Amino acid sequence: MRSVYTSLFYASLPWVLARLLWRSRANPAYRYRIAERFGFYSGPPKPVDIWIHAVSVGEAEAAFSLIAALRRHARASILVTTTTPTGSARVRKVLGDTVEHVFLPYDLPDGVGRFLGHFSPRAAVIMETEIWPNLFTACRKRGIPLLIANARLSDRSARRYAWIRDTLRRLLAGVDIAAQTEADARRFVTIGADPATVTVTGNLKFDTEPDASVTAVGAALRRSLFQERPVWLAASTHRGEEKAVLEAFARLRSRHPELLLVIAPRHPERFEEVARLAVEAGHRVARQTQAGGSVAGTFDVFLLDTLGDLMRFYVASDIAFVGGSLVDIGGHNVVEPALAETAIVFGPFTRNFQQICDDLERKGAAVRVRDTGELAAAVDRLVADEGRRGDMVRQALAFVRRNRGAAERHWRLLARHLGDSFQAH
């Protein structure tokens, strides 16, 4: 099975490269550092103690909590790899030169071999659900212990994996799996993981703590840019959601003429597209990249067209719709708006954070909507009822704090493989 997979991957390389170049038309970062995607790195080999792979921004945010725990307990050199340029930019912004950082190569034997030979990690951590046949096989052959951290597996993914269960059983043999929930743990077992290697550790994203400077900047944004206007943030939106959000916003304007909508598209290559949508809908649009000083009152839609600033805009907002949930993407991180003390709304598609979203909804700490009409109605009620917003914020924040501790549990799993050679702080 692995040989067939590898042959098909090699055959698809022209399409893979063409797709990179196509995406680079909207986001030029995709055309840079292509050699790294094939395992070619500059300079001499750089052996590291721990390698952590976070495919993009969401996984990187979870990895930051784990890295903080590692630094509390051990002195270790760390390599962080990503797949997307946005993930790379986030790692560099948050961690700077305190870690090594490169793109992970494509899952081809030669590139994987060059990567592992260059960095020679003593332990490997893959964030969430990235199961790469050649990479996992190479780690096992080199004796590199492997942990799938913050592991999650939806019902849909489990059903898709079921037909290759025997292959997965071999790939996952000896791999530690730190599952977010009991349901995730059961699903990993159903696709072939050894129950003895699966541990429920909770979600690393609960262990995130906003930096004080981010909170301060968010509060300053509110005062200088948005002033006394009620602010609704549509965060991490995908194609199809902005149109629904703009339609809901149009319905709300008659009842709440001072309401301000902030849109933060998930992918930077869509910034221009979303700006056009808002202008075509008849709105006065301001952009983060163009906002100089206070422009309050001169716009009704604000486009967040920069990376790494979402948390401070959560802090500056009253209500947050978390995107990827009105269209079938699976939803995005709802812990961040909870920590920012912002009332949370999300759509029906939340499989990526299913347990958290279900729990928040059940506790009255978030509102789930099914369509544009329900979205408009939910935001309408929350804008009008400050007391309700406050209750939701308190419930959500308490829920997050009750569920912390995943980073320490992950550290204990990883420490079993690192031995006593790491000096504790």
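Numbered as in the working numbering, the sequence shown ends at 579 without a single skipped number. Each residue gets a CB set at the ideal place from its N, CA and C atoms; glycine is no exception. Only a predicted model underlies this, so the values are computations on that prediction, with no experimental measurement involved.
Separation of residue j from residue i, as counted between CA atoms
i	j	result
Gly447	Phe467	Bear in mind that the predicted position of Gly447 carries a pLDDT of just 47, short of 50, making it unreliable; the figure below should be weighed with that in mind. In a straight line, the C-alpha of Gly447 is about 16 Å away from that of Phe467.
Thr335	Ile302	14 Å
Asn487	Cys511	10 Å
Phe273	Pro201	4 Å
Val499	Ala520	6 Å
Val158	Thr321	12 Å
Leu379	Phe456	10 Å
His579	Asp482	Legend: pLDDT at His579 = 42, less than 50; position of this residue unreliable, value from coordinates given subsequently. Rounded to the nearest angstrom, the two C-alpha atoms are 45 Å apart.
Arg294	Arg276	12 Å
Gly462	Arg244	6 Å
Pro423	Ile331	The amino acid at residue 423 is misidentified as Pro; the sequence shows Glu. Cα to Cα, Glu423 sits roughly 34 Å from Ile331.
Arg173	Phe163	14 Å
Arg581	Ser479	Residue 581 lies beyond the range of the chain shown here (155 to 579); nothing can be said about it.
Arg524	Ile285	32 Å
Phe533	Met546	The displayed chain sequence assigns Val, not Phe, to residue 533. Looking at the two C-alpha atoms, the distance is approximately 13 Å.
Phe403	Gly484	23 Å
Val368	Leu529	28 Å
Val329	Arg225	23 Å
Leu167	Thr160	11 Å
Val352	Arg377	47 Å
Thr504	Ser308	10 Å
Phe290	Leu326	8 Å
Glu426	Ala569	46 Å
Ser178	Thr252	28 Å
Lys517	Ala440	36 Å
Ala492	Asp264	44 Å
Val354	Thr391	30 Å
Asn181	Ala435	25 Å
Val371	Thr344	46 Å
Gln577	Arg187	Its pLDDT being 48, under 50, Gln577 is placed unreliably by the model, and nothing is read from it.
Gly297	Asp348	18 Å
Ala548	Ala389	Position check: residue 548 holds Arg in this sequence, whereas Ala was assumed. Each residue's Cα considered, the two are about 20 Å apart.
Ala531	Ala561	38 Å
Leu262	Asn288	6 Å
His437	Ala470	21 Å
Endpoints, alpha helix (DSSP H) assigned at residue i
i	result
Met587	What is shown of the chain runs 155 to 579, which leaves residue 587 out entirely.
Ile510	Gln508 to Arg516
Arg276	It is not in any alpha helix (DSSP H) - Arg276 carries neither H nor E in the DSSP assignment.
Phe503	No alpha helix (DSSP H) holds Phe503; DSSP gives it neither H nor E.
Ala138	Residue 138 lies beyond the stretch modelled for the chain, which goes from 155 to 579, so this question has no answer here.
Gly544	Glu540 to Arg556
Asn288	Pro287 to Arg296
Ala337	Glu336 to Thr344
Ala560	Ala560 to Leu572
Nearest candidate by alpha-carbon position, reference residue i, set the options
i	options	result
Ala494	Leu551, Val537, Thr452 and Gly485	Leu551
Ala337	Phe507, Ser231, Ala561 and Ala538	Phe507
Asp472	Ala216, Phe163, Arg535 and Arg543	Arg543
Lys359	Thr369, Ala305, Thr460 and Asp309	Ala305
Phe553	Leu325, Glu490 and Pro384	Glu490
His571	Gly241, Ala228, Ala347 and Leu167	Ala228
Pro502	Thr355, Val476 and Gly518	Val476
Gln442	Glu427, Ala189, Thr496 and Leu375	Leu375
Val266	Ala339, Val248, Glu190 and Ser242	Glu190
Leu387	Leu413, Ala223, Gly271 and Pro364	Leu413
Leu400	Arg377, Asp309, Phe269 and Gly527	Gly527
Ile318	His392, Gly346 and Ser308	Gly346
Arg268	Pro198, Ser231, Leu249 and Gln381	Pro198
Asp454	Thr460, Ala531 and Ala429	Ala429
Ala214	Ser231, Phe194, Val248 and Pro182	Val248
Arg313	Val211, Asp513, Ala216 and Arg340	Arg340
Tyr195	Gly271, Gly212, Arg156 and Gly559	Gly271
Thr460	Trp176, Glu434 and Thr240	Thr240
Ala292	Thr344, Arg156 and Arg548	Arg156
Arg558	Leu220, Gly250, His392 and Val170	Leu220
Arg556	Ser242, Pro364 and Asp513	Asp513
Endpoints, beta strand (DSSP E) assigned at residue i
i	result
Ala303	Leu300 to Ala305
Trp205	Ile204 to His207
Ala333	Asp330 to Ala333
Phe475	Ile473 to Val476
Ala520	Ala520 to Arg522
Thr353	Val352 to Val354
Segment contact, 8 Å Cβ cut-off, at least three pairs: the region 268 to 285 with the region 202 to 217 | As far as the Cβ criterion goes, the region 268 to 285 touches the region 202 to 217, which means the pair count is three or higher.
Alpha helix (DSSP H) segments (min. 4 residues) lying fully within the region 383 to 466 | With a minimum length of 4 residues, the continuous alpha helix (DSSP H) runs that stay inside the region 383 to 466 are 395 to 407 and 425 to 434.
Are the region 524 to 540 and the region 408 to 423 touching by the rule of at least three beta carbon pairs closer than 8 Å?
-> Yes, they touch.
Length-filtered (3 minimum) beta strand (DSSP E) runs lying within the region 185 to 256 | Counting only runs of 3 or more, we get 204 to 207 and 232 to 236.
Can you find at least 3 beta carbon pairs, one from the region 255 to 274 and one from the region 232 to 242, that sit closer than 8 Å?
-> With a cut-off of 8 Å, the region 232 to 242 and the region 255 to 274 count as touching, because enough Cβ pairs lie within range.
State whether the region 412 to 432 contacts the region 389 to 396, with contact taken as three or more CB pairs (one from each stretch) at a distance under 8 Å.
-> Contact annotation: the region 412 to 432 touches the region 389 to 396, with at least three C-beta pairs closer than 8 Å.
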